[in-house]
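Engineer:
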Ligand code: NDP
């Protein structure tokens with residue numbers, strides 16, 4: 041197995057999505073992006089998602105609000121998108137500025153268009169294992185990486201480090217769901233003796249947000265390691281002055297892992313691909329069921 045190539049697997053997903061999008065003509069799946077402020081990482085994520093939507097034949101629109109936008113103004117825009125029959129998916133790029141209640145804003149998105157999967161209904165349907173739940177794109181991408189790499193999950197012990205709404209919690213829900221059938225431990229910053237727990241993992245998911253946090257002595261030899269982290273670290277040799285690294289100390293962990301995702305080129309491209317998959321699914325459902 042070795043290196044899990046997220047770029048190649050994301051490309052497979054996108055090729056499938058593109059073929060399905062073409063069959064929908066004259067309907068064109070439309071994902072509406074909402075960005076608040078000019079955070080450079082958010083600007084670059086939304087640009088990448090828009091470009092990918094374009095490549096698979098979808099429509100992508102973008103509304104940018106200034107950093108100091110009021111909640112009322114933001115809600116008015118989301119309500120308009122919710123009511124627009126030509127919009128199939130809505131994505132609010134996180135993180136939002138501190139004065140906005142992020143989770144409440146996510147909840148304002150119509151469940152039928154919640155392609156990011158962060159709303160109450162999406163999470164609830166995921167817990168209930170109901171069909172039609174939009175799973176958050178990054179965790180869904182993690183599962184797809186495991187599945188398409190041939191990683192056996194049933195009965196395996198998966199340890200998820202991180203309990204965020206965006207990654208850790210939904211990843212754990214997907215891993216315990218029927219079909220995946222892992223035994224799951226969720227760890228976080230208050231977990232005692234983290235290394236003793238991560239060393240039990242057959243499948244280790246790192247979603248912490250700390251560069252190179254997972255060291256070799258925290259990983260069981262033969263484990264499958266999925267690194268969700270995206271961290272900027274200073275690097276004077278780069279034009280940008282930084283480079284992107286994961287939450288896993290890749291060079292130290294890779295030799296003992298059965299399989300591992302790189303950063304970049306692992307989970308990141310899958311997040312974008314699964315957004316396209318979710319938008320296509322939203323479009324199909326809205327078209328078929330209104
Ligand atoms: P959050 O900051 O919301 O969550 C981080 C989690 O890590 C928290 O649950 C926190 O615990 C836990 N944590 C922090 N420090 C420790 C520690 N010392 N020991 C154990 N657990 C710890 O981040 P996100 O979940 O949003 O993102 C995680 C990483 O994934 C980031 O690097 C982010 O950039 C990246 N990411 C990548 C995506 C992709 O497409 N590849 C998409 C989304 C995120 P506690 O809850 O106790 O604070």
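Residue numbers (the working numbering): 41 to 330. Heads up, the beta-carbon is just placed ideally off N, CA and C, and yes, glycines get one too.
Can you say whether residue 259 is buried or exposed, counting buried as having 16 or more other CB atoms within 10 angstroms of its CB?
Structural biologist: Its Cβ being crowded by 16 or more others within 10 Å, residue 259 is buried.
Engineer: One question on the structure: do residue 196 and residue 243 come within less than 7 Å of each other, judged by their Cβ atoms?
Structural biologist: The answer is yes: Cβ separation under 7 Å.
Engineer: So, with DSSP's three-state summary, where would you put residue 44?
Structural biologist: Residue state, collapsed to three classes: coil.
Engineer: Between which two residues does the alpha helix (DSSP H) harbouring residue 328 extend?
Structural biologist: It spans 307 to 329 - the alpha helix (DSSP H) in which residue 328 sits, taken as one unbroken run.
Engineer: In whole angstroms, what is the alpha-carbon distance linking residue 239 and residue 283?
Structural biologist: Distance between the alpha carbons of residue 239 and residue 283 is about 28 Å.
Engineer: How far does the alpha helix (DSSP H) with residue 331 in it reach, from first residue to last?
Structural biologist: The question about residue 331 has no answer, for the chain in this structure spans 41 to 330.
Engineer: For residue 271, write down the residues that DSSP places opposite it in a beta bridge.
Structural biologist: For residue 271, which the question treats as bridged, DSSP gives the partners 285.
Engineer: Taking the alpha-carbon positions, what's the residue 168 to residue 209 distance?
Structural biologist: Going from the Cα of residue 168 to the Cα of residue 209 covers about 14 Å.
Engineer: Which two residues bound the contiguous beta strand (DSSP E) that contains residue 72?
Structural biologist: Residues 70 to 76.
Engineer: Just list the alpha helix (DSSP H) runs in the segment 117 to 170, keeping only unbroken ones of 4 residues or longer that don't cross its boundaries, in chain order.
Structural biologist: You should have 142 to 148 and 160 to 167.
Engineer: Since residue 180 contacts residue 214 with CB under 8 Å, what's their CB separation in whole angstroms?
Structural biologist: 7 Å between Cβ atoms; contact.
Engineer: Considering only DSSP beta bridges, list what residue 244 is partnered with.
Structural biologist: Partner(s): 199 and 265.
Engineer: Considering residue 211, what are the terminal residues of the alpha helix (DSSP H) in which it resides?
Structural biologist: 208 to 216 is the extent of the alpha helix (DSSP H) around residue 211.
Engineer: Beta-carbon separation of residue 186 and residue 178 under 7 Å?
Structural biologist: No, they are not a contact pair.
Engineer: Could you tell me whether any non-hydrogen atom of the ligand NDP is closer than 6 Å to the CB of residue 247?
Structural biologist: Residue 247 Cβ: within cutoff of the ligand NDP.
Engineer: Taking the DSSP output, what are the residues bridged to residue 227?
Structural biologist: Answer is 201, bridged to residue 227.
Engineer: CA-CA distance, residue 141 and residue 163?
Structural biologist: Rounded to the nearest angstrom, the two C-alpha atoms are 18 Å apart.
Engineer: Checking the sheet assignment: what are the DSSP bridge partners for residue 298?
Structural biologist: According to DSSP, residue 298 bridges with nothing at all.
Engineer: May I ask whether a heavy atom of the ligand NDP can be found less than 6 Å away from the beta carbon of residue 252?
Structural biologist: No, the Cβ of residue 252 stays beyond 6 Å of every heavy atom of the ligand NDP.
Engineer: Residue 298 and residue 262: beta carbons closer than 7 Å?
Structural biologist: Against a cut-off of 7 Å, the Cβ pair of residue 262 and residue 298 comes out as a contact.
Engineer: Are there any heavy atoms of the ligand NDP lying less than 6 Å away from the beta-carbon of residue 270, as far as the coordinates show?
Structural biologist: Checking the Cβ of residue 270 against the ligand NDP gives yes.
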